[in-house]
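Participant: What follows is a single structure, and I will ask about it in a moment.
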Amino acid sequence: MPDQLPSSDLLWPGWVAGRAAQAVYGEHLVRIGQLIPAVLYAHVMDRQGITAAYNAGRQDVVDAQVASLAMECREDLLEAAVVLDALALCQGHGGGYLPRPYQETSTPVPRDVELRTDASDVAGELARHDHQHGTSATGDIPDPLEDGCTDGDRDAVRAYARREWITQQERWPD
């Protein structure tokens, strides 16, 4: 069976790439769709490996795996930020975010608002990481998100994650 790349119209089963996601990520949207299962798999396997080593009393293995995860932190933040951003864009381009800090209530949160908020939270952590470690490829790093941040602050960190992702993809295409 020949290898085929999925259509950029279908980001993930049940998720159709909206115009906003296509406009923002263009040809890179297919790669984001491919990241979804890879990010989830890696997350589970990393936790499983550390847990097994811990349960076996192998502190040397735990330390090595934790050190490896720390070194991969920026890549993980970037990948998670763009996956969440693309999924949020598929749900709707505009709209607000949950306040920071968010207080749980009995009122259900609309899916699009929750996705936009999660996308901005992860992108904010990417911005925090890049400020601390000087790892930005594009510069002009927005301030990390803090309590009381505005929707504009949240939009800025999401736009930053997009710039970083697209720049990385164009520098090192597969």
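Under the working numbering, residues 1 to 174 are what the sequence shown spells out, in order.
Quick reminder that beta carbons are idealized off the backbone N, C-alpha and C, glycines included.
A quick note: this is a predicted structure, and the numbers were derived from the prediction, not measured.
Leaving out the 5 sequence neighbours to the left and right, which residues in its chain are closer than 7 Å to R154 when beta-carbon positions are compared?
Facilitator: One-based indexing of the sequence shown puts residue 154 at position 154. Within the same chain, R154 has close Cβ partners Y97, S120, L145.
Participant: Am I right that W165 and H28 are in contact with their C-beta atoms under 8 Å? What's the rounded C-beta distance?
Facilitator: Your numbering for residue 165 matches position 165 in the sequence shown. Your numbering for residue 28 matches position 28 in the sequence shown. The Cβ separation is near 7 Å, so the contact holds.
Participant: Assuming A161 and A81 make a contact with CB atoms under 8 Å, what is their CB distance in whole Å?
Facilitator: Counted from its first residue, the sequence shown places residue 161 at position 161. Counted from its first residue, the sequence shown places residue 81 at position 81. Right, the Cβ-Cβ distance comes to about 4 Å (below 8 Å), so this counts as a contact.
Participant: What residue does the alpha helix (DSSP H) around W172 start on, and which one ends it?
Facilitator: The residue given as residue 172 occupies position 172 in the sequence shown. No alpha helix (DSSP H) holds W172; DSSP gives it neither H nor E.
Participant: Check whether the segment 107 to 124 and the segment 21 to 36 are in contact - that is, three or more C-beta pairs closer than 8 Å.
Facilitator: Cβ pair count under 8 Å is below three, so no.
Participant: Does the separation of the CB atoms of D85 and R19 fall below 8 Å?
Facilitator: In the sequence shown, residue 85 corresponds to position 85, counting from 1. In the sequence shown, residue 19 corresponds to position 19, counting from 1. Result no, Cβ atoms of D85 and R19 do not sit closer than 8 Å.
Participant: Look at the alpha carbon of G92 and the alpha carbon of R111, and state the distance between them as a whole number of angstroms.
Facilitator: As a first step, residue 92 must be located in the sequence shown, where it is residue number 92. As a first step, residue 111 must be located in the sequence shown, where it is residue number 111. Roughly 10 Å between the two C-alpha positions.
Participant: My understanding is that I50 touches V24, with C-beta atoms under 8 Å, so please give their C-beta distance in whole angstroms.
Facilitator: In the sequence shown, the residue the question calls residue 50 occupies position 50. In the sequence shown, the residue the question calls residue 24 occupies position 24. With a Cβ gap of about 34 Å, I50 and V24 do not count as contacting.
Participant: Quick check on Q4: does DSSP put it in helix, strand or coil?
Facilitator: Translated into positions along the sequence shown, residue 4 becomes position 4. The predicted model places Q4 with a pLDDT of 43, which falls under 50 and marks its position as unreliable; any figure quoted below should be read in that light. Looking at Q4 - three-state DSSP - the assignment turns out to be coil, as it is neither helix nor strand.
Participant: Near L115, which residues of its chain fall below 8 Å by C-beta distance, leaving aside the five closest residues on each side in sequence?
Facilitator: Here residue 115 is taken as the residue at index 115 of the sequence shown, counted from 1. L84, L87, A88, Q91.
Participant: Given this structure, state the Cα-to-Cα distance separating Q59 from A53, to the nearest angstrom.
Facilitator: Along the sequence shown, one-based indexing puts residue 59 at 59. Along the sequence shown, one-based indexing puts residue 53 at 53. Between Q59 and A53, the C-alpha separation is close to 7 Å.
Participant: Could you pull out every residue in the same chain whose Cβ sits closer than 8 Å to the Cβ of R74, ignoring the five residues on either side in sequence?
Facilitator: By one-based count along the sequence shown, residue 74 stands at place 74. Cβ within range, chain order: L126, H129, D130, H133, T135.
Participant: Leaving out the 5 sequence neighbours to the left and right, which residues in its chain are closer than 7 Å to A137 when beta-carbon positions are compared?
Facilitator: Counting from one through the sequence shown, the residue named residue 137 turns up at place 137. Same-chain partners within the cutoff: E164, T167, Q168.
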